[in-house]
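Residue numbers for the sequence shown follow full-length UniProt numbering, beginning at 1 and rising by one.
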Amino acid sequence: MNTDLKHSHPPHAHDQHHQDHKHVHSAPPGAEAAVAGVQWTCPMHPEILRDSAGDCPICGMALVPIAGTGMGAGLGASPDEGASDDSELRDLARRLRVGIALAIPLVVVSMSPMAGIHEPLGLTPRLRGWVEFLLGTPLVIYIGWPILRKFWFSLVHRALNMYTLIGLGVGFAYLYSLAALLIPGWFPQEFREHDDAVGTYFEAAAVIVTLVILGEYLQMRAMGQTSRAIQQLLKLAPNQAWRLRDDGTEEQIPLQAVTAGDRLRVKPGEKIPVDGEVLEGASRVDESMITGEPVPVAKAPGDKVTGATMNSNGSLIIRAQRVGADTLLARIVHMVGEAQRTRAPVQRLVDIIAAYFVQSVIAIAIITALAWWFIGPEPKFTYAFVNAIAVLIIACPCALGLATPISMTVAMGQGARAGILFRNAEAIERMRGIDTVVVDKTGTLTLGRPALTDFSAEGIADDEALALVAGVEQLSEHPIAHAIVEGAKARKIKIPAAETFEVINGLGVQADVDGKHVLVGSRNFLAQHGIDTKRWEEQGEAWRTEAKTVVYIGVDGSVAGIAAVADPIKDSTPEAIATLQGLGVRIVMLTGDSQRTADAIAGQLGIDEALAEVLPEHKANHVKRLQAEGHKVAMAGDGINDAPALAQANVGMAMGTGTDVAMESADVTLVKGDLRGIEKAMVLSRATMRNIRQNLTFAFGYNALGIPLAAGVFYPTFGLLLSPMFAGAAMAMSSVSVVTNALRLNRVKL
């Protein structure tokens, strides 16, 4: 940031801006693929790439479009064009609604005997079985169809996973229950309840199916956030542009029709359509979406402009240089999608464990059947078949399926109450291992808008001098002028009217106020009017070292004072930085500002490392560098320019006071825009993962005890076989234990 107010871009920044754009516009690797067409991948197996929609050959999940592919040429398209297909999400939502409506009465009817109600609604055990059949069959066949389909895929492709285990459990639970209902005489006495009825597992199959569909629905909805982030970015570009013909007339054309070399007119208040160079005119351009800095940049012939930035009060004629997929906005789109796609889902580990677990369960079931067939009592076949089925049923991951999602759900609710919104369960897990936090400066460490921080006058009262300055600046549209006016209002100073107002572009403003001629601007501006500012140079230099913009004031031909405007540091920032460092977290600041300003901010806050003059793609590269060094990185930012880095980080954290695109690209949103939320998120993450480990212990402990019992290991010694009532009670207790333990997360202090 410039240290003297010039109502324009800082003098040194123009050269840097020009140089930086040489790097910005180089085509990214793989950019050609971004316009070739949409590709599809599996969220669980990113190595799977297809040219069309379908199902993953490994796990059977529906493929999702790779964010950013085929979108470079779509800049400026209608918001509805290229919208992601949400038909599967709507189908899952419909199945989920029906599943819940059927599962609740089914569970009530089936579990009533355990509550001492042996004939609910006057239903005999036989009739109750038929009611469970009528409610459970559509649940398993219709609601569970996506699960059964993926189960079949896992067998066809020989890729055993959680769907294999769930499909086996649900399928055999349903078939066992159907056999118990239709041919109860086929079952030995040991498998009958006290009323001589054979217990069924319709409700177990129904609950498992409904829970899995709920998990898939939540996961797919989270996946949709990626495409929404891309759509938000695409909407930033204008739909049309004004092209100048050779005869000087202009025509309005679609953005897609703009080619490199075209001369385009950008009118006041319009967005700049493509990346290019100013040929004629002068104006200020709001580039905050790229740089994150709130002060508009003065543009004149020869300066570079970036597509989707906002022109303010002047008219510009530009020459198009980068269009379509080559523009900076298109590159940001590509980078966000690429970073989000390449993150490995945590479920891969679960799949590996499940594959071994499935093989073990199937092997145990086969051994059980053979053992009862050869050495069991009569009827051998019945005992062999029923006990093998019991092994598969008892291994159905009801508690295991609840172990992770129930804890994550409670944690998300607890986080939301504390102003921390987790986008998905994976973000909670990733947060636990964070050792480095990368923060953007503007809007994250600071408020993101200029404010009057200091004011001193000589020969005139401070309030009177500030009233004169505010009287002049209230006629200016510049953000720094607005900061001075707001500062005067905050001090309850009455602002007088100004006359003969004049703007000297790039230097300052002047006007007559209360009979006095007032100048406000840079040292050079006052020097041109014969006013010596040497008296205030030492104070001005001190403020510059604090990253403040200095404003000199002249009244009736003499220097009258000095003011400082800066983007103030949030009150909560110093505490947040100190708390995170106390947890052993390294703090790295990235900013598009000058190194001098960055060092000043870092010095005030005790930040470990400050990297300045960093453009959007460089932010993501710095995050990659830290990750390559073995660090687990959380990135906190609030702007469009932060989106690629937020997506690249292990955990992206957006300020709730920032842009929609930043929040869509991030894993976590800090609703209050307070960095202290990072520490709270880390505490909650660690407590949640500890809770999940406890839940998995309950779930696996249940299987470790239940499977041997179902196999008949204790029958020779104790005469014990798994009865349906005991199995139902054990499964219920296991699930209750998991849920009760997960609810303890509500007591975590944040």
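C-beta: ideal position from N, C-alpha, C; glycine also. Remember, it's a predicted structure, so these values are computed and weren't measured experimentally.
Tell me whether residue i sits in a helix, a strand or coil according to DSSP, three-state version.
i: residue 311; result: strand
i: residue 492; result: coil
i: residue 463; result: helix
i: residue 525; result: helix
i: residue 165; result: helix
i: residue 745; result: helix
i: residue 324; result: helix
i: residue 296; result: coil
i: residue 141; result: helix
i: residue 276; result: strand
i: residue 628; result: helix
i: residue 245; result: coil
i: residue 510; result: strand
i: residue 259; result: coil
i: residue 317; result: strand
i: residue 24; result: The predicted model places residue 24 with a pLDDT of 33, which falls under 50 and marks its position as unreliable; any figure quoted below should be read in that light. Helix.
i: residue 177; result: helix
i: residue 368; result: helix
i: residue 344; result: Caution applies to residue 344, whose pLDDT of 38 falls short of 50 and renders its modelled position unreliable; the value that the coordinates give is listed next. Of the three classes helix, strand and coil, the one that applies to residue 344 here is coil, per DSSP.
i: residue 604; result: helix
i: residue 48; result: coil
i: residue 477; result: coil
i: residue 470; result: helix
i: residue 740; result: helix
Hey, could you find the ends of the alpha helix (DSSP H) residue i is sitting in?
i: residue 92; result: 87–111
i: residue 704; result: 676–711
i: residue 540; result: 537–544
i: residue 236; result: Per DSSP, residue 236 belongs to no alpha helix (DSSP H) and is neither H nor E.
i: residue 155; result: 145–156
i: residue 716; result: 715–718
Could you give the residue range of the beta strand (DSSP E) that holds residue i?
i: residue 518; result: 516–521
i: residue 552; result: 549–555
i: residue 453; result: 451–457
i: residue 501; result: 498–504
i: residue 636; result: 633–637
i: residue 646; result: Element bounds for residue 646: not the beta strand (DSSP E) but the alpha helix (DSSP H), 643–648.
i: residue 669; result: 668–670
i: residue 286; result: 283–286
i: residue 530; result: It is not in any beta strand (DSSP E) - residue 530 carries neither H nor E in the DSSP assignment.
i: residue 559; result: 558–566
i: residue 251; result: 250–254
i: residue 609; result: 609–611
i: residue 654; result: 651–655
Would you grab the beta carbon distance between residue i and residue j for me? Rounded to a whole angstrom, and I think it's under 8 Å.
i: residue 680; j: residue 583; result: Incorrect: roughly 11 Å between the Cβ atoms, too far for contact.
i: residue 654; j: residue 638; result: 6 Å
i: residue 435; j: residue 622; result: Rounded, the Cβ-Cβ distance is 16 Å, inconsistent with contact.
i: residue 213; j: residue 95; result: 6 Å
i: residue 236; j: residue 329; result: 6 Å
i: residue 742; j: residue 406; result: 4 Å
i: residue 518; j: residue 468; result: 5 Å
i: residue 286; j: residue 312; result: 6 Å
i: residue 454; j: residue 628; result: 42 Å between Cβ atoms; not a contact.
i: residue 132; j: residue 200; result: 6 Å
Within the present structure, is the beta-carbon of residue i separated from the nearest heavy atom of the ligand PLP by less than 7 Å?
i: residue 312; result: Among the components of this structure there are no ligands whatsoever, and the ligand PLP is therefore not found.
Can at least three beta-carbon pairs, one atom from the segment 608–626 and one from the segment 583–596, be found at a separation below 8 Å?
yes
Decide yes or no for the touch test of the segment 692–709 against the segment 597–611: beta carbon pairs closer than 8 Å, at least 3 of them.
no
Please give the ranges of any beta strand (DSSP E) in the segment 374–446, keeping only runs that are unbroken, at least 3 residues long and fully inside the region.
420–422 and 436–440
Residue ranges of each beta strand (DSSP E) within the segment 569–601, 3 or longer:
586–590
Using 8 Å as the cut-off, can you tell me whether the segment 440–447 makes contact with the segment 558–569, which would need three or more C-beta pairs spanning the two stretches below that distance?
yes
Indicate whether the contact test is met: 3 or more Cβ pairs, each with one atom in the segment 529–548 and one in the segment 491–507, closer than 8 Å.
no
Flag this pair as touching only if the segment 353–373 and the segment 294–310 have three or more C-beta atom pairs under 8 Å; answer yes or no.
no
Under 8 Å, with one C-beta from each stretch per pair, do the segment 169–177 and the segment 128–147 reach the 3-pair mark?
yes
When you compare the segment 506–521 with the segment 464–484, are there three or more beta-carbon pairs, one atom per stretch, that lie closer than 8 Å?
yes
Are the segment 137–151 and the segment 241–251 touching by the rule of at least three beta carbon pairs closer than 8 Å?
no
Indicate whether the contact test is met: 3 or more Cβ pairs, each with one atom in the segment 314–324 and one in the segment 270–282, closer than 8 Å.
yes
When the Cβ atoms of the segment 372–389 are set against those of the segment 702–719, are three or more pairs found closer than 8 Å?
yes
Decide yes or no for the touch test of the segment 407–416 against the segment 644–654: beta carbon pairs closer than 8 Å, at least 3 of them.
no
Pairing CB atoms from the segment 422–430 with CB atoms from the segment 738–747, are three or more of them under 8 Å?
no
With a cut-off of 8 Å, do at least 3 Cβ pairs link the segment 543–550 to the segment 574–583?
no
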